[in-house]
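Protein chains: 2
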Amino acid sequence: MPRMQLTKTAITDTALSLADQHGYEAVTMANIARSLTIKPPSLYNHFKNLEEIKQAMAEAAQKQLYDTLKGTEQTSQPMLSLAKAYVNFASSNPGLYASSLPGGNGEYANALVRLVADALQAYKLENEKMIHAIRGFRSMLHGFVDLNTHAGFKLEVDLEASLEEVVGIFERGLQS
Amino acid sequence: MPRMQLTKTAITDTALSLADQHGYEAVTMANIARSLTIKPPSLYNHFKNLEEIKQAMAEAAQKQLYDTLKGTEQTSQPMLSLAKAYVNFASSNPGLYASSLPGGNGEYANALVRLVADALQAYKLENEKMIHAIRGFRSMLHGFVDLNTHAGFKLEVDLEASLEEVVGIFERGLQS
DNA sequence: ACTATAAACTAATACCATTAGTTAGGCAAG
DNA sequence: CTTGCCTAACTAATGGTATTAGTTTATAGT
Numbered sequence: 001m002p003r004m005q006l007t008k009t010a011i012t013d014t015a016l017s018l019a020d021q022h023g024y025e026a027v028t029m030a031n032i033a034r035s036l037t038i039k040p041p042s043l044y045n046h047f048k049n050l051e052e053i054k055q056a057m058a059e060a061a062q063k064q065l066y067d068t069l070k071g072t073e074q075t076s077q078p079m080l081s082l083a084k085a086y087v088n089f090a091s092s093n094p095g096l097y098a099s100s101l102p103g104g105n106g107e108y109a110n111a112l113v114r115l116v117a118d119a120l121q122a123y124k125l126e127n128e129k130m131i132h133a134i135r136g137f138r139s140m141l142h143g144f145v146d147l148n149t150h151a152g153f154k155l156e157v158d159l160e161a162s163l164e165e166v167v168g169i170f171e172r173g174l175q176s
Numbered sequence: 001m002p003r004m005q006l007t008k009t010a011i012t013d014t015a016l017s018l019a020d021q022h023g024y025e026a027v028t029m030a031n032i033a034r035s036l037t038i039k040p041p042s043l044y045n046h047f048k049n050l051e052e053i054k055q056a057m058a059e060a061a062q063k064q065l066y067d068t069l070k071g072t073e074q075t076s077q078p079m080l081s082l083a084k085a086y087v088n089f090a091s092s093n094p095g096l097y098a099s100s101l102p103g104g105n106g107e108y109a110n111a112l113v114r115l116v117a118d119a120l121q122a123y124k125l126e127n128e129k130m131i132h133a134i135r136g137f138r139s140m141l142h143g144f145v146d147l148n149t150h151a152g153f154k155l156e157v158d159l160e161a162s163l164e165e166v167v168g169i170f171e172r173g174l175q176s
């Protein structure tokens with residue numbers, strides 16, 4: 001066999017840098033192949049289809065997001081630190097963040113949930129309440145990012161201030 | 001001229017029912033034209049391109065969402081009622097909800113923001129704080145819906161219970 | 001009835017993902 | 001060292017997408 005110069009991770013990395021530099025919609029078989037100086041059908045020797053490539057991208061992008069967020073739980077304000085890092089990652093790398101969304105079940109999807117759980121640790125919530133709180137906080141972060149990138153909060157009120165206030169509301173709500 | 005049997009709203013409505021019945025990804029020039037028993041290029045006599053059709057869809061879908069949510073502010077628990085109605089609309093009509101997202105600036109986009117503001121009315125927030133709270137609550141609702149339909153909260157913990165708890169956290173946070 | 005307008009059409013271009021079938025390079029066995 | 005197999009790459013083709021150019025034709029107003 002011709003030496004497998006082309007690995008799954010090489011394809012995934014190329015697709016990710018495509019998403020990062022030219023947006024998630026630029027992730028096409030044709031563009032990936034062009035970047036690798038091969039023809040599109042060759043990609044099918046390594047992945048079943050585009051969807052499978054996007055799954056692999058999601059896993060890798062989630063790892064990047066995880067690595068960026070890791071450590072924020074050891075600060076004085078874990079939830080605020082996590083929120084700021086999360087929003088900053090998504091705003092700075094919209095293509096990467098978009099890549100991370102499709103996969104909901106991999107190794108790093110769980111790791112990200114654990115990271116949110118760690119940030120909520122101080123509030124000593126019981127099982128069910130913890131799950132509700134995780135869902136709520138994660139929803140808030142994703143919604144904040146998603147509304148902002150797709151629709152955009154129109155008013156010229158500072159985004160950072162909104163995030164701080166909103167995390168404050170959530171934290172006070174957990175306390176009482 | 002051949003009688004304009006085909007109006008902008010007729011096209012928009014057809015596209016919306018396509019999104020509702022077969023998903024937002026089924027909204028293509030070919031499918032819209034097929035539903036109307038015309039050929040795709042004819043659509044360009046009424047809209048500049050597909051994006052413009054989707055903008056019109058967003059406006060109409062936002063109106064439907066607004067009409068569904070209107071009235072919830074006159075209940076005993078406006079925020080919870082609004083949240084439940086919002087999540088219910090999005091889960092029951094995912095194609096319609098997806099259609100509503102692209103447009104961030106129309107008449108009904110503002111009406112929806114006012115609806116959220118009304119639900120927060122009881123907390124008597126000042127200007128800036130009100131805007132932060134609106135953004136936070138809207139983010140939570142959209143994030144909740146979006147994570148659920150695209151990734152899906154995996155654990156078999158009741159969604160309705162999560163929503164109630166999460167709205168409760170937010171309300172308590174506003175109080176203190 | 002005639003003409004101008006515009007809504008529909010056909011045909012074409014340039015993308016997209018995907019599949020079938022072919023070529024050719026390198027590894028392993030003889 | 002040669003032979004043969006495996007497989008990664010290719011070419012060619014299919015059918016999908018949006019969009020544009022140019023043409024036909026029906027109708028509304030004069």
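Same order as they appear, the protein sequences are chains W and A.
Numbering-wise, the first sequence is residues 1 to 176 according to UniProt numbering.
Numbering-wise, the second sequence is residues 1 to 176 according to UniProt numbering.
Positions of the beta carbon are idealized from the N, C-alpha and C atoms, including for glycine.
Contacts of residue i in chain W (Cβ-Cβ under 7 Å)
i              : result
K129 (chain A) : E165
Listed by chain order, chain W residues near residue i by CB distance under 8 Å
i              : result
A133 (chain A) : E165, V166 and I169
K154 (chain A) : G104 and N105
R138 (chain A) : G143 and L147
L50 (chain A)  : The contacting residues do not exist; L50 (chain A) stays about 14 Å from chain W at best.
Partners in chain A for residue i, counting only beta-carbon separations shorter than 7 Å
i              : result
V157 (chain W) : E128 and I131
H150 (chain W) : L101
L174 (chain W) : I169
Burial state of residue i, where buried means 16 or more other Cβ atoms lie within 10 Å
i              : result
R135 (chain W) : buried
D146 (chain A) : buried
L155 (chain W) : exposed
A30 (chain W)  : exposed
S162 (chain A) : buried
K54 (chain W)  : buried
E126 (chain A) : exposed
A10 (chain A)  : exposed
G152 (chain W) : exposed
N45 (chain A)  : exposed
N49 (chain W)  : exposed
N105 (chain W) : exposed
Q142 (chain A) : In the sequence under discussion, the amino acid at residue 142 (chain A) is His, which differs from the Gln named in the question. The residue is buried, with at least 16 neighbouring Cβ atoms inside 10 Å.
E165 (chain W) : buried
T12 (chain A)  : buried
P41 (chain W)  : exposed
T14 (chain W)  : buried
Cβ distance (whole Å) where residue i is taken to contact residue j below 8 Å
i              : j              : result
Y108 (chain W) : K39 (chain W)  : That belief does not hold up - the Cβ atoms of Y108 (chain W) and K39 (chain W) are roughly 31 Å apart, past 8 Å.
M140 (chain W) : S139 (chain A) : 5 Å
T72 (chain A)  : A61 (chain A)  : At roughly 18 Å, the Cβ-Cβ gap does not stay under 8 Å, so T72 (chain A) and A61 (chain A) are not in contact.
A58 (chain W)  : P94 (chain W)  : Contact flag wrong, Cβ pair sits at about 15 Å.
L69 (chain W)  : A19 (chain W)  : Incorrect: roughly 19 Å between the Cβ atoms, too far for contact.
A98 (chain W)  : Y24 (chain W)  : 4 Å
I169 (chain W) : F144 (chain A) : In fact, because the Cβ distance is near 16 Å, the residues do not count as touching under 8 Å.
L159 (chain W) : A133 (chain W) : About 23 Å; that fails the 8 Å criterion.
R172 (chain A) : R172 (chain W) : 7 Å
S176 (chain A) : S176 (chain W) : 5 Å
M130 (chain A) : A119 (chain A) : So it is not a contact: roughly 11 Å between Cβ atoms.
V167 (chain W) : L80 (chain W)  : 5 Å
L112 (chain A) : Y66 (chain A)  : 6 Å
M43 (chain A)  : A33 (chain A)  : The residue you asked about is not Met; residue 43 (chain A) is Leu in the sequence shown. L43 (chain A) to A33 (chain A), Cβ: 6 Å. Contact.
Under 9 Å by beta carbon: chain W residues contacting residue i
i              : result
R114 (chain A) : None at all; the shortest Cβ gap to chain W is about 13 Å.
Chain A residues whose Cβ lies nearer than 8 Å to that of residue i
i              : result
A161 (chain W) : E128 and H132
* Jot down the residue ranges of each uninterrupted alpha helix (DSSP H) in the segment 72–105 of chain W, minimum 4 residues, whole runs only, in chain order. => List check, alpha helix (DSSP H) in window: 78–92 and 94–100.
* Report the residue ranges of all alpha helix (DSSP H) runs contained in full by the UniProt domain "HTH tetR-type" (5–65) of chain A; include only those spanning at least 4 residues, in chain order. => Restricting attention to alpha helix (DSSP H) runs no shorter than 4 residues, the UniProt domain "HTH tetR-type" (5–65) of chain A encloses them at 8–22 and 29–36, ordered along the chain.
* To do: Enumerate, from N- to C-terminal direction, the unbroken alpha helix (DSSP H) stretches of 4 or more residues contained entirely within the segment 92–171 of chain W.
  => Listed in chain order, they are 94–100, 107–119 and 127–146.
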